[in-house]
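Trainee: Dropping a structure here in structure tokens format, bear with me for questions.
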Amino acid sequence: MADVAYEPVIGLEIHVQLKTRTKMFCGCELSFGDEPNTHTCPICLGLPGTLPVTNAEAVHFALMIGMALGCEVAPRSIFHRKNYFYPDLPKGYQISQYDIPICGPGRLGDVRIHRAHLEEDAAKLIHVGASGRIHSAESSEVDFNRGGTPLVEIVTEPDIHSPAAATEWLRLLRATLRRLGVSDVNMEEGSLRCDGNVSLRPVGETTLGTKTELKNMNSFRFLERGLEAEIARQEAILRDGGEVEQETLHYDVRSGALSSLRSKEEAHDYRYFPEPDLVPIVPTEAMTERARAAIPELPADRAKRLESELGLPEAQAALLAFRTEVGDFYERTLSAGGESADPRAIANWVTGELVAKLDDGQDPAASRVAPDALAKLVAMVAAKEVSSSAAKDVLGTLVAEGGDPSQIVESAGLGRADESELAAIVDKAMAEQADAVEKVKAGNDNAIGAIVGAIMRETKGRADGGEVQRLIRERLSG
Amino acid sequence: MSSVLDLTAAQAAERVRAGELSASELWQTYRDRAAADELNAFLWVADEAPADVPDGPLGGVPLAVKDLFCTQGIPSAAASRILEGYRPPYTATAVERLTAAGAPMLGKTNMDEFAMGSSNENSGFGAVANPWDRGRVPGGSSGGSAAAVAAGLAPWAIGTDTGGSIRQPAALCGIVGLKPTYGSISRYGMIAFASSLDQAGPLTRDVTDAALLLRHMVGRDPHDSTSTGHPEEVQLPSAERLDGVRFGVPPELTGDGLEPGVREVFDATLKQIEELGGTVTEVALPHSGHAISAYYVIAPAEASANLARFDGVRYGRRAGNGDLLSLYEQTREEGFGPEVKRRIMLGTYALSSGYYDAYYGSAQRVRTKIADDFRAAFESVDVIVTPTSPTVAFELGERTADPLAMYLSDVLTVPMSLAGIPAISIPGGLADGLPVGIQLAGPAFSENKILDAAYALERSSGFDGSPARG
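Going down the list, the protein sequences come from chains A and B. Under numbering that gives the first Met the number 0, think of the first position of the first sequence as 0, with each following residue one higher. Under numbering that gives the first Met the number 0, think of the first position of the second sequence as 0, with each following residue one higher.
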């Protein structure tokens, strides 16, 4: 047994809060962070006699998601009641979809989608007391603002085989949903929530092992760590000759510990039955057409296009495609550069220096850098009007103050040193760095760095590194 | 005084609108009678006429409303202790519509708790006496509404019917009760019992009153996605004859189970139909014998979910010692009556994993077959006629120990509920001094047709449904 290699098998269940104007079954506006219980009405409070009415915008968003994930859209789907008692569930049941979801099988990237369905979110429990957890709380309060928020639950097939692949795929999904504009997809705020189903099996085996479910990992990092911890736990059990128990687990991000929420025996019997208060969702031709027309170019398609049409490397194309706002800025810069613009050079500047100089996650469009200014700067580098290291300083000025790159270059004296000026500086540096010159002559090529460094210091970066090396070697061989 | 009481609601409305009767006099007459209610028909009576009722076609004629309808700021408990004192922040659509049409609310009427019962003995606030014989039940679940109208405590009333809860008490109290086509009237604001069956409707002194109330209740409501409204306007009935109308008698519902007195009145009604020019033939409803079984799976299953919200967290009764489980258990233990608990348990069981298909699934299949039976029957007949109840009003306490006997009170009304079709109960005559109801059912949205047929029968029967209006 000891030398058996195990393969993790992972499927994800993702809850996406939709960014509709109003809740799933009533007219209350969605909110985040408002005073508790200010976005409620008799319907989302589950008062006696009230009835749900399906939000048409939520259906529209669900159709968009289904189409973007290549899902079969059901010609007729129905809601069910999922029955259980909890204070965050005012009706005593959640309206969800069960055996006939709005979206059937599909695929995103290399992961198959099992289904996607519509449901309503529960309210939020706030446990008052030092621990912030239900046990030992002095009291528990319910904020019904979140209750009834529309959710789409996306369930994948168990097609993922490592925690890293899981987070990578989830990033693709998040970028896709963000591009659709149907959700804020913010894991910290809970508008994107991910549960993972994990099992192990010996490599080469095709039947699935017993799975456990990891609940609510609220960041990419925690998802990856949680899956890693659970895979390690299961592997240890199997290597000991034990059996994995089917259960639902909670991953504590602070301690890294996994604790059981409930076992198979404790699993709820939700007593699903068709929701008699709602009529089936039967998408008309007009509804599906409207959803299809609302879908923009999706990240996976964009990445392919940037690779094949513009010749960008795969990773860079993916970065630009997954970060929609960076990709959009890139394409605006490229078109501002006109016919002669170099897609790869601009991509390097956008994904490298620009992203690094902006705040983490900042939208470049919201910065002081104008796409035509950046296009111009990259063109100046290509025309050797400014060295690339000086251009980085110019970009720094653009980020801080905005403006026109040629004016910045002129006023700061960052223009590329011309050959006669440079020749004098090279001669002077080689005289001063006699040691280094000797070492290079003796065959230690690395020593050239010291000479180049001295020249760059002297020119304050206005010289081109390649040009400088060429001049030094000319003199060494001369 | 007595002349006001002799008027039907439609007649009173007409006189008020013609300036021949003062709306406030009408209000005061009924308000005094409702306040002096000795039948326990009312759970709440208005002190004075609501100020915001517009002049309208309903002429200010006061309306009694079953306690199941939510009414803003006014106790609405569905006769359950778990909602004792609960005052909703909004009003049911059906009540709103009637108020807007000019009918001020007189009071809230007693009922079986959450509409679960056929005798009104399951009320959390005491049984209701039948005005024809105070030792007998008024039927249920809309027993308070039926008794109030029969006794002249209210000119007219609304109730709800899930398996017979309008028709059966109307029959036992000698008045008219109409269950409309499912979807005709919004359910918004009706405290739900069984959502796929619940339907509001009028309980009135005569067929014209029923048509007039119905006209102002129907309509699609954006708050109820299962509401469809009515394809045609509800007409006030005018037929004097039944020439060419084909009546079908289903042997499955008119066989051995009928009391002799009920059978006599029913046979006399069939003769009357023929005298008025109608034809009477047998028509088969082969699956109707399974209706009660299917109903007592579907209705409790839906009820088990509908009643889950009464958990003590947000409104109504709250009990327990502070922890969550005892909050749930004690609130529901104290708040629900025995019949409600029985049905929650039945429904929970029927939906449980491993039993769902055997119970809920089978019941739904039976329901489909029953609806198909009716569709087939209505290819050869226009109206199906049966007694409304196999017996006249029974004695208080007579069936409380035997739930099955109680459930069989609805054996003739449940099939129409499962099929979602309209059915009206009108008084057919008396048996041993107690009223016998006749039920007329038609295809979906055939209310105008069955109201007309009921009207013709009503005119020729000469039944005077006034036990104690003096």
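By construction, the Cβ of each residue, glycine as well, lies at the ideal position given by its N, Cα and C atoms. All of these numbers come straight from a predicted model, not from anything done at the bench.
Return the CA-CA distance between residue 157/A and residue 344/B, expressed in angstroms with no decimal places.
Mentor: 38 Å
Trainee: Would you list, in chain order, the members of the stretch 141-171 of chain A that have their beta-carbon closer than 8 Å to a beta-carbon of chain B?
Mentor: Against chain B - using a Cβ distance shorter than 8 Å - the residues of the stretch 141-171 of chain A are 141.
Trainee: Taking the alpha-carbon of residue 174/B as reference, which of 78/B, 185/B and 427/B has the nearest alpha-carbon?
Mentor: 427/B
Trainee: Quick one: residues in its chain with C-beta nearer than 7 Å to the C-beta of residue 329/B, no 5 flanking neighbours on either side, listed in chain order?
Mentor: 318 and 319
Trainee: Starting from residue 91/B, find everything on chain A with Cβ-Cβ shorter than 8 Å and list it in chain order.
Mentor: 48
Trainee: With a threshold of 8 Å between beta carbons, is residue 89/A in contact with chain B?
Mentor: With 8 Å as the cut-off, residue 89/A counts as an interface residue toward chain B.
Trainee: Skipping 5 residues on each side, what residues in its chain have a beta carbon closer than 7 Å to that of residue 169/B?
Mentor: 145, 175, 176, 202, 424 and 436
Trainee: Kindly provide the ranges of any alpha helix (DSSP H) runs that are 4 or more residues long and lie completely inside the stretch 23-80 of chain A, ordered along the chain.
Mentor: 55-67
Trainee: Is residue 441/B closer than 8 Å to residue 449/B when the C-beta atoms are compared?
Mentor: yes
Trainee: For residue 234/A, collect the residues of the same chain with a Cβ closer than 8 Å to its Cβ; drop the 5 residues on either side in sequence, then sort them by chain order.
Mentor: Taking C-beta separations shorter than 8 Å and ignoring five residues to either side along the sequence, the partners of residue 234/A in its chain run 5 and 199, following chain order.
Trainee: If we count the other Cβ atoms within 10 Å of its Cβ and call it buried at 16 or more, is residue 409/B buried or exposed?
Mentor: Residue 409/B is classed as buried because its beta carbon has at least 16 other beta carbons within 10 Å across all chains shown.
Trainee: For residue 45/A and residue 179/B, what's the separation of their Cα atoms in angstroms?
Mentor: 27 Å
Trainee: Return the residue from the list 302/B, 380/B and 151/B that minimises the CA-CA distance to residue 349/B.
Mentor: 302/B
Trainee: Let me see if you follow: with CB-CB separation under 8 Å, is residue 276/A close to chain C or not?
Mentor: Included in the structure are the protein chains A and B, with no chain C among them.
Trainee: May I ask you to report which of helix, strand or coil DSSP gives residue 397/B?
Mentor: coil
Trainee: Distance, Cα to Cα, residue 43/B vs residue 351/B?
Mentor: 39 Å
Trainee: Are residue 279/A and residue 76/A closer than 8 Å when you measure CB to CB?
Mentor: yes
Trainee: Would you say residue 92/A reaches chain B, if we count a Cβ-Cβ gap shorter than 8 Å as a contact?
Mentor: yes
Trainee: Does any heavy atom of the ligand GTP sit closer than 7 Å to the C-beta of residue 205/A?
Mentor: Although the ligand GTP was asked about, the structure shown includes no ligands whatsoever.
Trainee: Since residue 155/A and residue 110/A are thought to touch, with beta carbons under 8 Å apart, how far apart are those beta carbons, to the nearest angstrom?
Mentor: Rounded, the Cβ-Cβ distance is 5 Å, consistent with contact.
Trainee: Just verifying my parser: in three-state terms, what is the DSSP assignment at residue 364/B?
Mentor: helix
Trainee: Can you tell me whether DSSP reads residue 0/B as helix, strand or coil?
Mentor: Residue placement at residue 0/B cannot be trusted, given a pLDDT of 45 that sits under 50; the coordinates are not used to answer.
Trainee: Hey, how far is the Cα of residue 0/B from the Cα of residue 28/B?
Mentor: Low per-residue confidence applies at residue 0/B: pLDDT is 45, beneath 50, and the placement is therefore not dependable, though the value from the model is reported in the following sentence. So the alpha carbons of these two residues sit roughly 7 Å apart.
Trainee: Can you give me, in chain order, the residues of the stretch 50-63 of chain A that have a beta carbon less than 9 Å from any beta carbon in chain B?
Mentor: 50, 51, 52 and 53
Trainee: Quick one: what does DSSP say residue 195/B is sitting in, helix, strand or coil?
Mentor: It is coil, neither helix nor strand.
Trainee: Would you please verify whether the beta carbon of residue 6/A is less than 8 Å from any beta carbon of chain B?
Mentor: no
Trainee: Residue 44/A versus chain B: which residues are under 8 Å apart at the beta carbon?
Mentor: 313
Trainee: Does the contact criterion of 3 or more C-beta pairs under 8 Å hold for the stretch 60-74 of chain B versus the stretch 83-96 of chain B?
Mentor: Contact between the stretch 60-74 of chain B and the stretch 83-96 of chain B is established, with three or more Cβ pairs separated by less than 8 Å.
Trainee: List, in chain order, every chain A residue whose beta-carbon is nearer than 8 Å to that of residue 87/B.
Mentor: The CB of residue 87/B comes closer than 8 Å to the CB of 41, 46, 47 and 48 in chain A, given here in chain order.
Trainee: Between the stretch 164-192 of chain B and chain A, which residues of the former have a C-beta closer than 8 Å to a C-beta of the latter?
Mentor: 186, 187, 188, 189, 190 and 191
Trainee: Quick check on this structure: which residue in 355/A, 336/A and 408/A has the alpha carbon closest to the alpha carbon of residue 373/A?
Mentor: 336/A
Trainee: Do the CB positions of residue 474/B and residue 160/B come within less than 8 Å of each other?
Mentor: The structure shown does not extend to residue 474/B, since chain B is modelled only from 0 to 469, so the question has no answer here.
Trainee: How about residue 118/A and residue 150/A: do their beta carbons lie closer than 8 Å?
Mentor: Contact flag set, yes.
Trainee: Starting from residue 405/A, follow the alpha helix (DSSP H) in both directions and report where the run begins and ends.
Mentor: Unbroken alpha helix (DSSP H) run through residue 405/A: 404-411.
Trainee: Between the Cα of residue 211/B and the Cα atoms of 225/B, 127/B, 336/B and 233/B, which residue gives the shortest distance?
Mentor: 233/B
Trainee: Under DSSP, the beta strand (DSSP E) around residue 319/A begins and ends at which residues?
Mentor: Careful: residue 319/A lies outside any beta strand (DSSP E), inside the alpha helix (DSSP H) at 313-321.
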